[in-house]
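See below for the structure under consideration.
In my numbering, the protein residues as written are 4 to 114.
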């Protein structure tokens with residue numbers, strides 16, 4: 004990966020590596036239970052400030068909160084993508100729907 008300009012400061016903790024340049028902040032961190040996966044993200048200045056404030060107020064790292072937010076939100080994004088795919092499949096005729104009454108009968112739930 005090429006740098007927009009050479010880094011001017013590099014910091015490292017047990018959880019993350021921060022690389023600052025004049026144009027951006029790159030945050031690399033290791034995801035839990037996955038091994039050594041690195042990720043670079045660019046954050047708007049306002050988000051970076053909020054993240055820094057939260058980290059300082061709680062004594063946790065910015066990496067901790069970035070990781071937690073991704074882990075929490077990733078499942079929602081996956082669910083949304085799956086739902087959108089199913090709607091497209093139904094509209095295109097690739098998948099058929101089953102009336103709720105039929106599902107309830109099939110599983111012995113009909114009243």
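Ideal placement from N, C-alpha and C gives every residue a C-beta, glycine not left out. Bear in mind that the values here come from a model prediction, so they are computed numbers and not experimental data.
{"Item": "Burial state of residue 2 (16 or more Cβ within 10 Å)", "Value": "The requested residue 2 does not occur in the structure, where the chain is confined to residues 4 to 114."}
{"Item": "Own chain residues within Cβ distance below 8 Å of residue 98, not counting five before or after", "Value": "89 and 92"}
{"Item": "Inter-residue CB distance, residue 54 and residue 43 (contact presumed, cutoff 8 Å)", "Value": "Incorrect: roughly 15 Å between the Cβ atoms, too far for contact."}
{"Item": "Nearest-angstrom Cβ-Cβ length linking residue 58 and residue 64, presumed shorter than 8 Å", "Value": "6 Å"}
{"Item": "Assigned secondary structure, residue 93 (DSSP; H/G/I helix, E/B strand, else coil)", "Value": "helix"}
{"Item": "Unbroken alpha helix (DSSP H) run spanning residue 109, endpoints", "Value": "103–109"}
{"Item": "Distance, residue 103 Cα to residue 110 Cα", "Value": "11 Å"}
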